[in-house]
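Notes to accompany the following structure.
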Amino acid sequence: MTIRVDSIAPKHQDGVIRLAQISDPHLFANKHTGFLGINPWRSLSAVVDQLHQAEGLDMLLATGDISQDHSATAYLHFAEAVGPLGLPTYALPGNHDAPELMIRALSQTPVKYGRRVLAGNWQILMLDSTVLGLPAGHLALDELRWLHAVLESAPLCPTLVALHHHPKPTECAWLDQHGLDNGAEFLSLLCRYPQVKGVIWGHVHQSMDMMHEHIRLLAVPSTSIQFLPKNDGFALDRAQPGYRLLNLHPDGTLETQVKRVPGADFQPDPSATGY
Ligand SMILES: [Fe+2]
4 MTIRVDSIAP
14 KHQDGVIRLA
24 QISDPHLFAN
34 KHTGFLGINP
44 WRSLSAVVDQ
54 LHQAEGLDML
64 LATGDISQDH
74 SATAYLHFAE
84 AVGPLGLPTY
94 ALPGNHDAPE
104 LMIRALSQTP
114 VKYGRRVLAG
124 NWQILMLDST
134 VLGLPAGHLA
144 LDELRWLHAV
154 LESAPLCPTL
164 VALHHHPKPT
174 ECAWLDQHGL
184 DNGAEFLSLL
194 CRYPQVKGVI
204 WGHVHQSMDM
214 MHEHIRLLAV
224 PSTSIQFLPK
234 NDGFALDRAQ
244 PGYRLLNLHP
254 DGTLETQVKR
264 VPGADFQPDP
274 SATGY
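Here the sequence shown stands for residues 4 to 278, where the numbers follow my numbering.
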């Protein structure tokens with residue numbers, strides 16, 4: 004299969020690619036439908052309002068769980084929400100998505116179902132870690148072979164790898180049973196390549212930031228509900244919807260910060276016991 008490769012030139016003379024990561028909007032076909040006490044259309048819109056104020060963004064990447072109800076309309080809503088940012092926008096699938104439906108629906112919009120993007124001096128690789136019918140993730144052999152081949156072919160290109168599922172435990176037992184089941188194999192492959200600078204994911208609806216050998220591992224809050232960190236059972240956090248900004252410098256340096264919607268407008272249902 005031929006993989007389409009897009010190129011994005013940095014907007015600024017410093018050559019830095021300014022990337023915004025959003026994740027897990029869990030949208031419904033009906034914009035009024037709530038999700039554990041939060042309206043996910045409104046919370047995504049609040050995040051997009053913040054992104055309008057972020058300076059000089061070069062691209063937007065959504066790391067899965069775009070749709071909560073497996074509707075094509077939810078993907079169209081997503082494109083409607085992020086479209087006014089005017090950014091090259093990519094999305095990869097999460098366990099709540101229906102990848103074939105997602106590809107079809109997004110093909111009607113400017114949002115691209117991402118695979119590989121050359122952005123300034125960097126490459127951004129987007130993986131599909133979904134397993135049909137399961138909340139947990141797995142990188143299929145074809146996916147790992149493709150990753151290996153691309154890394155072999157671009158040894159000098161600083162690389163950011165994006166996927167939906169977490170390759171390292173969160174210290175939330177209920178979430179860790181739904182992580183990437185071959186995360187150790189995935190990370191040991193990446194560790195062989197010094198050009199791999201970071202891995203970003205969604206799925207855990209909370210911020211994480213750690214090092215694994217030379218690689219920065221980063222999770223992002225959801226644009227909808229937040230899961231309470233370091234809690235073994237299902238629990239929602241009162242933290243506000245958020246997103247991650249990454250500055251990818253030409254020399255391979257990665258700078259990042261998590262931002263959240265100000266205020267306390269988005270409060271989850273305290274009686275929720277799962278979803
Ligand atoms: Fe999610």
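We put the CB at the ideal spot given by N, CA and C, even for glycine.
Q) To the nearest angstrom, how far is it from the Cα of D145 to the Cα of D268? A) For D145 and D268, the gap between their C-alpha atoms comes out near 43 Å.
(Q) Using a Cβ-Cβ cutoff of less than 6 Å, which residues in the same chain neighbour A12 once the five nearest sequence positions on both sides are dropped? (A) Excluding five sequence positions before and after A12, none of the CB atoms of its chain fall closer than 6 Å to its own CB.
Q | Spatial neighbours of Y116 in its chain, beta-carbon cut-off 7 Å, leaving aside the 5 residues before and after | A | Listed in chain order, the non-local C-beta contacts of Y116 below 7 Å within the same chain comprise A94, M105, I106 and L109, local neighbours out to five positions each way being set aside.
Q) Going along the chain, which unbroken runs of the alpha helix (DSSP H) with 4 or more residues stay wholly within the stretch 168-233? A) Runs of alpha helix (DSSP H) with 4 or more residues, each lying fully within the stretch 168-233, are found at 176-179 and 186-193, listed in chain order.
Q: Determine the burial state of R247: buried for a count of at least 16 other Cβ atoms within 10 Å of its Cβ, exposed for fewer.
A: Buried, by the Cβ-count rule.
Q. Is S225 near ligand 1, going by C-beta to nearest heavy atom under 8 Å?
A. Flag set: Cβ of S225 near ligand 1.
Q | Span of the alpha helix (DSSP H) around A94 | A | It is not in any alpha helix (DSSP H) - A94 instead sits in the beta strand (DSSP E) that spans T92 to L95.
Q: Flag D131 as yes when its Cβ comes closer than 8 Å to any non-hydrogen atom of ligand 3, and as no otherwise.
A: Among the ligands in the structure shown, ligand 3 does not appear; only ligand 1 can be found there.
Q: Report the three-state DSSP secondary structure of M4 (helix, strand or coil).
A: Reliability fails at M4, whose pLDDT of 43 lies under 50, so the model's placement of it is uncertain and no value is given.
Q: For H15, verify whether its CB is less than 8 Å away from any heavy atom of ligand 1.
A: Not under cutoff, so the answer is no.
(Q) Looking at the secondary structure, which residues open and close the alpha helix (DSSP H) in which Q53 lies? (A) Boundaries of the alpha helix (DSSP H) harbouring Q53: P43 to Q56, taken from the DSSP string.
Q.
Going by DSSP in three states, L22 sits in which element: helix, strand or coil?
A. Here L22 carries a strand assignment [DSSP, helix/strand/coil].
**Q.** Close-in-space but distant-in-sequence residues of the same chain around Q24 (CB under 7 Å, 5 per side omitted)
**A.** Contacts found: L64, T66, I203, V223, Y246, R247 and L249.
Q) For G86, which three-state DSSP category applies? A) In the three-state scheme derived from DSSP, where H, G and I count as helix and E and B as strand, G86 is classed as helix.
(Q) I need the DSSP call for F356, collapsed to helix, strand or coil. (A) Outside the shown range of the chain (4 to 278) lies residue 356, about which nothing can therefore be said.
Q | Boundaries of the alpha helix (DSSP H) in which L109 is found, first to last residue | A | Counting along the chain, the alpha helix (DSSP H) containing L109 begins and ends at P102 to L109.
Q. Nearest to L159 by CA position, among P43, Q198 and A57, is which residue?
A. Nearest of P43, Q198 and A57 to L159, Cα basis: Q198.
Q | Best match in E174, R195 and H169 for proximity to N185 [C-alpha to C-alpha] | A | Taking only the C-alpha atoms, the option nearest N185 is H169.
Q: Figure out for me which residue from D240, E258, V153 and A176 has the closest Cα to the Cα of I41.
A: Nearest neighbour of I41 by Cα position, chosen from D240, E258, V153 and A176, turns out to be D240.
(Q) Give me the pocket residues for ligand 1, defined as CB within less than 5 Å of any heavy atom, sorted by chain position. (A) The set of residues with a C-beta under 5 Å from any non-hydrogen atom of ligand 1 comprises D27 and D68, given in chain order.
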